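*Asks:* Residues in the sequence shown are numbered consecutively from 30, following the working numbering.
Quick reminder that beta carbons are idealized off the backbone N, C-alpha and C, glycines included.
In this text the structure is predicted, and so the values were computed from the model without any measurement.
This is the structure I have questions about; it appears just below.
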Amino acid sequence: MKNFERPGRWKRFIFPLLLLAALCIGGVELLFCYYQAPEVYAAVTAPIRAAAERGGELGEAVWAGLRRRTDAAVEQGARHVREGLRILDELLSPAPDEPLDAPEEQQVQLVDDTEVAPPPRPPAACLLTDLLRQDGADYLTGGSRDLIYFDQTGPDWAEAPYGSDTIGRYGCGPAVMAMAVSTLSDTQTDPAQMAEHCVDRGYWAKKHGSYWSIVSGAAEDFGLSCISVSPEDPDSAIHYLSTGHLLVALMGPGHFTNGGHFILLRGMTLDGEILVADPASLDRSLTLWDLDLILDELSQGRSSGGPLWALAPGF
Numbered sequence: 030m031k032n033f034e035r036p037g038r039w040k041r042f043i044f045p046l047l048l049l050a051a052l053c054i055g056g057v058e059l060l061f062c063y064y065q066a067p068e069v070y071a072a073v074t075a076p077i078r079a080a081a082e083r084g085g086e087l088g089e090a091v092w093a094g095l096r097r098r099t100d101a102a103v104e105q106g107a108r109h110v111r112e113g114l115r116i117l118d119e120l121l122s123p124a125p126d127e128p129l130d131a132p133e134e135q136q137v138q139l140v141d142d143t144e145v146a147p148p149p150r151p152p153a154a155c156l157l158t159d160l161l162r163q164d165g166a167d168y169l170t171g172g173s174r175d176l177i178y179f180d181q182t183g184p185d186w187a188e189a190p191y192g193s194d195t196i197g198r199y200g201c202g203p204a205v206m207a208m209a210v211s212t213l214s215d216t217q218t219d220p221a222q223m224a225e226h227c228v229d230r231g232y233w234a235k236k237h238g239s240y241w242s243i244v245s246g247a248a249e250d251f252g253l254s255c256i257s258v259s260p261e262d263p264d265s266a267i268h269y270l271s272t273g274h275l276l277v278a279l280m281g282p283g284h285f286t287n288g289g290h291f292i293l294l295r296g297m298t299l300d301g302e303i304l305v306a307d308p309a310s311l312d313r314s315l316t317l318w319d320l321d322l323i324l325d326e327l328s329q330g331r332s333s334g335g336p337l338w339a340l341a342p343g344f
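Here it is in structure tokens:
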């Protein structure tokens, strides 16, 4: 068998040495061209520079694409986390038709955020009632006095917090009491400030709106008198409205809500029709209502002097 002689170790380095020499010579020549023949240097290195620039643009494009995908993935993950927390919060909260562990005087007003039927008649003539803006505030005209009006579903208040809920969905109680306090007293407040006050005073009921005690409690807190009015006595309601009182009414299913909803009765026309202030609907606030319809649709519960209260400035 023929033996082949193994090549010497030095032969392994021939090609690397030749490549290194070529690079050194090429580098010296490029350096010489850079100083002595700039035109030649620019022509020789143009393909290299172009490739480098294309590589840089490609790298930036790749980085931008990765960044966009990363941001999208992070946002999608955040949405999943928020949705999971919302579902968990709803699962841990009592359902609206479940009784809460609260005494009778702390019965809650169950809020309903579904749409209800439109008012049974066209809006009232502007001579009877209208919405006017003055000094940065909205006023409903008519009745014994103009009333400061707040729309809990409007952009100013819809997403404002009511505890861990929102005023737009659960804050008819604070909105109504903010209207009453701002109109009947020297204190100027708004739904957000009133919501914070009601949370601090224990009138807020998570995922249910407000306890019935919000009316008498907030009235006392802000120096208003509060009198319980019997739903079975229309003459009493007429008396209080005709003497300048505002009536807080907790409505049940009907024209104002499918569940429970606080509104204000703010006056009466010469024909005996009722002016209201509905914090969830300006249309209903500019409509004239029959007193019998309102009394018939009051909540059937009885707690904390409700479902009908007369408010007036304190004495």
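Quick one: residues in its chain with C-beta nearer than 6 angstroms to the C-beta of G359, no 5 flanking neighbours on either side, listed in chain order?
*Replies:* Given that the chain is displayed from residue 30 to residue 344, the structure contains no residue 359 and the question cannot be resolved.
*Asks:* Helix, strand or coil, according to DSSP, for T212 in the structure here?
*Replies:* helix
*Asks:* Could you give the DSSP three-state label for D264: helix, strand or coil?
*Replies:* Here D264 sits in helix by DSSP.
*Asks:* Straight-line CA distance for P336 to I243?
*Replies:* 12 angstroms
*Asks:* Specify, as a first and last residue, the run of the beta strand (DSSP E) that L275 falls within.
*Replies:* 275 to 280
*Asks:* Excluding the 5 residues flanking A247 on each side, which residues of the same chain have their C-beta closer than 6 angstroms to its C-beta?
*Replies:* Answer for A247: M206, listed in chain order.
*Asks:* Excluding five sequence neighbours on each side, which residues of the same chain lie with their C-beta closer than 6 angstroms to the C-beta of P203?
*Replies:* Scanning its chain for C-beta atoms nearer than 6 angstroms, with the 5 sequence neighbours on each side dropped, one finds around P203 the residues P220, M223, A224, C227, in chain order.
*Asks:* Determine the burial state of L270: buried for a count of at least 16 other Cβ atoms within 10 Å of its Cβ, exposed for fewer.
*Replies:* buried
*Asks:* Straight-line CA distance for H284 to S265?
*Replies:* 23 angstroms
*Asks:* By the DSSP assignment, the alpha helix (DSSP H) with C227 in it spans what residues?
*Replies:* 220 to 230
*Asks:* Is the CB-CB distance between I292 and D312 below 8 angstroms?
*Replies:* no
*Asks:* Identify, in the order they occur along the chain, each residue of the same chain with its Cβ nearer than 7 angstroms to the Cβ of G281, setting aside the five sequence neighbours on each side.
*Replies:* G289, E326, L327, S328, Q329
*Asks:* Return the CA-CA distance between L299 and D229, expressed in angstroms with no decimal places.
*Replies:* Their Cα atoms are separated by approximately 41 angstroms.
*Asks:* Helix, strand or coil for C201? Go by DSSP, reduced to three states.
*Replies:* helix
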